[in-house]
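Which chain is which? The protein sequence lines are A and B, in order.
At position 70 of the first sequence (counting the first as 1) the number is 539 in this note's numbering, and the numbers step up by one without a gap.
At position 139 of the second sequence (counting the first as 1) the number is 622 in this note's numbering, and the numbers step up by one without a gap.
Working notes, beginning with the structure itself.
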Amino acid sequence: MDDVRYEAPESPDVAVSLLAQAGSEGKVFAGGTDVMVQVHAELIEPGIIVDIKNIPGTIGVSESDGSYTFGAATPGMALIDDEGFASTWPGIIDGVALIGSIQVKGRASVGGNLCNASPAADSTPAMIAAGAICNIVGPDGSREAPVEDIVTGPGKTSLAAGEIIISFTMPKRSPHSGDAYLRLTPRTEMDIAVVGAGVNITLDDDGNCVSARVSLGAVAPTPLLVSEAADALIGTKVDDAALAKMGEACSAACNPISDKRGSKEYRIKTASVIAQRAAKIALERAREN
Amino acid sequence: MAKRSHVTTTINGDEYEFLCEPDQSLVDVLRNELELTGTKEGCSTGDCGACSISLEGELVCSCLVLGVEADGKEIETIEGMAPSADELHPLQRHFLEINGLQCGICTPGILVAAKALLEKNPDPTETEIRFWLAGNLCRCTGYDKIIRSVQSAAAEMRGG
């Protein structure tokens with residue numbers, strides 16, 4: 470086996486430069502719950518592992534003027550245990566809570582879940598529906614990108630060599646807003662989504678939907694932001710007719726594969742069902758605040 | 484051979500120093516460098532929970548942690564669970580009394596995971612115990628007695 474190096478710099482510039490020099494040999498390491506498995510299975514043989522957890526801002530949750538920012542390497546359990554964040558973004562917590570066991574969530578992060586770029590990542594549709602923005606550092610400086618722009622295919626991202634997602638910034642939460650993520654799996658725990666749906670809606674004082682975002686996972690090579698599904702909710706009371714129309718838009722957006730967990734036809738049909746159920750939970754939550 | 488890293492860490496209150504490969508897992512370090520073989524290695528992929536430990540107070544699979552990450556950190560393993568050589572932790576005692584183990588490979592991980600649960604929630608429901616322990620697989624499928632053992636230990640620890 471070739472030499473492998475481990476570095477855990479505190480400086481983002483050092484991390485960026487190490488990764489940029491290493492190119493395809495470099496691997497960003499946060500919670501390790503995917504990287505360790507891939508190294509063990511010899512799916513990857515990185516020349517350098519760059520642990521980003523010592524870089525300021527990669528761990529922890531903060532709130533400023535109603536907008537939350539959290540480190541991309543923050544373990545899932547830390548998000549679940551942050552009462553302010555969890556009550557503001559329950560849909561993201563729905564997704565995070567489904568990632569593996571308690572042990573895995575003690576390490577696994579939303580940034581890792583995103584950058585591992587599985588089409589079935591549970592936190593990604595919830596983050597897309599929420600309208601989260603990635604704060605990225607790289608060889609050309611800092612930039613921001615919406616979460617939906619990151620995954621370009623299974624295991625592939627739009628991040629350039631040396632780019633690292635440091636944190637995520639959430640939009641300010643309007644009154645009467647709610648989000649939810651639901652997935653369909655053969656088992657109740659410790660499984661991979663056949664379909665995942667994240668829905669985020671905001672109502673006006675009369676209960677009319679003024680904005681919505683709908684995202685699907687596991688039904689295409691990347692998580693999807695389905696604007697037609699959101700359009701079916703906006704301007705309605707999110708009644709059964711609107712939900713049915715949203716469900717149809719979700720099914721129409723699917724481009725899934727068939728595998729041992731579910732056929733293509735099953736995924737297309739159940740995407741509508743799961744998205745409608747997630748929207749109902751998001752609606753209830755929106756009405757409560 | 485890659486350059487070995489020098490690591491200083493605290494395990495069960497004692498300071499340890501070791502050398503490890505950059506990509507060596509913490510469970511491998513515990514077992515093969517430090518001879519703390521109470522922590523078991525099952526799947527090596529974070530699915531079975533046999534290697535569960537506490538890292539900085541967080542329940543984790545030590546197969547998914549790098550040995551080098553232990554530098555400067557506090558670790559608790561099954562070896563630190565009993566208060567003394569003559570006295571078992573209530574969870575250990577109730578697992579013995581209720582036969583909460585068969586072959587025993589999963590037991591250290593389950594005890595460490597159950598201890599973390601009871602520190603967070605001293606009075607968990609059966610459902611809460613089952614969900615918390617979903618990351619600990621028992622190959623002998625003795626789940627029912629495992630749950631009873633945790634409930635019984637929890638009751639004693641609450642003074643009930």
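Cβ atoms here follow ideal geometry from the backbone N, Cα and C, with glycine treated the same way.
- Message: With a threshold of 8 Å between beta-carbons, can Ala-553/B be considered close to chain A, or not?
- Response: To locate residue 553/B, count along the second sequence from 1; it is residue 70. Chain A contact via Cβ: absent.
- Task: Output yes if chain A places a C-beta closer than 8 Å to the C-beta of Glu-602/B; else output no.
- Result: On the second sequence, residue 602/B is found 119 positions in, with the first residue counted as 1. No, Glu-602/B lies away from the interface with chain A (no Cβ there is under 8 Å from its Cβ).
- Message: Tell me the residue span of the alpha helix (DSSP H) that contains Ala-459/A.
- Response: Any question about residue 459/A goes unanswered here, given that chain A covers just 470 to 758.
- Message: With a threshold of 8 Å between beta carbons, is Ser-570/A in contact with chain B?
- Response: Position 101 of the first sequence, counted from the first residue, corresponds to residue 570/A. Chain B, which has a Cβ nearer than 8 Å to the Cβ of Ser-570/A, makes this yes.
- Query: In chain B, which residues lie with their C-beta within 7 Å of the C-beta of Thr-502/A?
  - Reply: As a working mapping, residue 502/A is identified with position 33 in the first sequence. Under the 7 Å cutoff, chain B gives Gly-529 and Leu-547.
- Would you please verify whether the beta carbon of Met-546/A is less than 8 Å from any beta carbon of chain B? Position 77 of the first sequence, counted from the first residue, corresponds to residue 546/A. Yes, because at least one Cβ of chain B sits closer than 8 Å to the Cβ of Met-546/A.
- Query: Measuring CA to CA, which of Gly-553/A, Gly-610/A and His-645/A is closest to Ala-630/A?
  - Reply: If you number the first sequence from 1, residue 630/A lands on position 161. The candidate whose alpha carbon is nearest that of Ala-630/A is Gly-610/A.
- Host alpha helix (DSSP H) of Thr-527/A (start-end): Counted from its first residue, the first sequence places residue 527/A at position 58. Careful: Thr-527/A lies outside any alpha helix (DSSP H) and carries neither H nor E.
- Message: I'd like to know whether the C-beta of Val-633/B is nearer than 8 Å to at least one C-beta of chain A.
- Response: For this step, residue 633/B is matched to residue 150 along the second sequence. No, Val-633/B does not count as interfacial toward chain A.
- Look at the Cβ atom of Asn-604/B, then the Cβ atom of Glu-611/B, and state whether they are nearer than 8 Å. As a working mapping, residue 604/B is identified with position 121 in the second sequence. As a working mapping, residue 611/B is identified with position 128 in the second sequence. A contact, by the Cβ cut-off of 8 Å.
- Task: Starting from the beta carbon of Asp-520/A, find every residue of chain B whose beta carbon is closer than 9 Å, and list them in chain order.
- Result: On the first sequence, position 51 is the one that residue 520/A refers to. By Cβ distance, chain B contributes Leu-549, Val-551 and Glu-552.
- Exposure label - Cys-719/A; buried when at least 16 CB within 10 Å: For the purposes of this step, residue 719/A is identified with residue 250 of the first sequence, where counting begins at 1. Flag for Cys-719/A reads buried.
- Rounded to whole angstroms, what's the CA-CA distance from Met-470/A to Glu-494/A? Just pull it up for me. Along the first sequence, one-based indexing puts residue 470/A at 1. Along the first sequence, one-based indexing puts residue 494/A at 25. Note on Met-470/A: pLDDT 49, under 50, position unreliable in the model; the coordinate value appears next. So the two alpha carbons sit approximately 14 Å from each other.
- Can you tell me which of Thr-491/B, Lys-628/B, Glu-524/B and Gly-532/B puts its alpha carbon nearest to the alpha carbon of Ile-581/B? The residue labelled residue 581/B in the question sits at position 98 within the second sequence. Minimum Cα distance to Ile-581/B is reached at Lys-628/B.
- From Arg-759/A to Arg-682/A, what does the alpha carbon distance come to, in whole angstroms? Residue numbering for chain A in the displayed model covers 470 to 758; residue 759/A lies beyond these limits and cannot be assessed.
- Item | Cβ pair count under 8 Å reaching 3, the stretch 485-500 of chain B against the stretch 723-738 of chain A | no
- Message: I'd like to know whether the C-beta atoms of Ala-755/A and Ser-646/A end up nearer to each other than 8 Å.
- Response: Residue numbering aside, residue 755/A sits at position 286 when the first sequence is read from its first letter. Residue numbering aside, residue 646/A sits at position 177 when the first sequence is read from its first letter. Taking 8 Å as the Cβ cut-off, Ala-755/A and Ser-646/A qualify as a contacting pair.
- Ala-599/A versus Ile-513/A - alpha carbon distance: Mapped onto the first sequence, residue 599/A falls at position 130. Mapped onto the first sequence, residue 513/A falls at position 44. Near 32 Å, if we compare the C-alpha coordinates of Ile-513/A and Ala-599/A.
- Within chain A, the residues that Leu-542/B reaches when beta carbons sit closer than 7 Å: Residue 542/B sits at position 59 when you count from the first residue of the second sequence. Under the 7 Å cutoff, chain A gives Ile-571, Gln-572 and Gly-575.
- Task: Go to His-509/A, then tell me how far its alpha helix (DSSP H) extends in each direction, as first and last residue.
- Result: Locating residue 509/A in the first sequence gives position 40, counting from the first residue. First-last of the alpha helix (DSSP H) with His-509/A: 504-509.
- Query: What residue does the beta strand (DSSP E) around Glu-542/B start on, and which one ends it?
  - Reply: As a working note, residue 542/B is residue 59 in the second sequence. It is Leu, not Glu, that sits at residue 542/B in the sequence shown. Counting along the chain, the beta strand (DSSP E) containing Leu-542/B begins and ends at 541-544.
- Message: Considering Cα atoms alone, identify which of Gly-545/A, Ala-748/A, Ala-687/A and Gly-560/A is closest to Ala-710/A.
- Response: Your numbering for residue 710/A matches position 241 in the first sequence. Nearest of Gly-545/A, Ala-748/A, Ala-687/A and Gly-560/A to Ala-710/A, Cα basis: Ala-748/A.
- Message: Taking the straight line between their C-alpha atoms, what separation do you get for Ile-602/A and Ser-537/B?
- Response: Against the first sequence, residue 602/A aligns to sequence position 133. Against the second sequence, residue 537/B aligns to sequence position 54. Taking the straight line joining both Cα atoms gives about 32 Å.
- Task: Give a yes or no on whether the C-beta atoms belonging to Pro-544/A and Ala-577/A are separated by under 8 Å.
- Result: For the purposes of this step, residue 544/A is taken as residue 75 along the first sequence, with counting starting at 1. For the purposes of this step, residue 577/A is taken as residue 108 along the first sequence, with counting starting at 1. Against a cut-off of 8 Å, the Cβ pair of Ala-577/A and Pro-544/A comes out as a contact.
- Message: Quick check on this structure: which residue in Val-606/A, Lys-625/A and Phe-637/A has the alpha carbon closest to the alpha carbon of Val-616/A?
- Response: As a first step, residue 616/A is located in the first sequence; it is residue number 147 there, counting from the start. For Val-616/A, the nearest C-alpha among the options comes from Phe-637/A.
- Stretch-stretch touch, CB-based, cutoff 8 Å, three pairs: the stretch 571-580 of chain B with the stretch 521-529 of chain A: no
- Determine whether the Cβ of Ser-567/B lies closer than 8 Å to any Cβ atom of chain A. The residue given as residue 567/B occupies position 84 in the second sequence. Taking Cβ atoms only, chain A never reaches closer than 8 Å to Ser-567/B, which makes this a no.
- Message: Assuming Ile-562/A is part of the alpha helix (DSSP H), what are its boundary residues?
- Response: Here residue 562/A corresponds to residue number 93 of the first sequence, with the count starting at 1. Residues 559-566.
- For Gly-676/A, count neighbouring C-beta atoms within 10 Å of its own C-beta (all shown protein chains included) and say buried if the count is 16 or more, exposed if not. In the first sequence, residue 676/A corresponds to position 207, counting from 1. Gly-676/A comes out exposed.
- Item | Minimum Cβ-Cβ distance from His-645/A to chain B less than 8 Å | Looking up residue 645/A in the first sequence gives position 176. No, because no Cβ of chain B sits closer than 8 Å to the Cβ of His-645/A.
- Looking only at C-alpha atoms, which of Leu-509/B, Asp-511/B and Pro-505/B sits nearest to Lys-496/A? Numbered from 1 along the first sequence, position 27 holds the residue referred to as residue 496/A. Nearest C-alpha to Lys-496/A: Pro-505/B.
- Query: Can Gly-529/B be considered in contact with the ligand NAP, in the sense that its beta carbon sits closer than 7 Å to one or more heavy atoms?
  - Reply: The ligand content of the structure shown is nil, which means the ligand NAP is not present either.
- Item | For Ala-553/B and Thr-590/B, the rounded distance between their alpha carbons | The residue you call residue 590/B lines up with position 107 of the second sequence. The residue you call residue 553/B lines up with position 70 of the second sequence. Those two C-alpha atoms are separated by around 23 Å.
- Query: From Gly-592/B to Cys-534/B, what does the alpha carbon distance come to, in whole angstroms?
  - Reply: On the second sequence, residue 592/B is found 109 positions in, with the first residue counted as 1. On the second sequence, residue 534/B is found 51 positions in, with the first residue counted as 1. So the two alpha carbons sit approximately 6 Å from each other.
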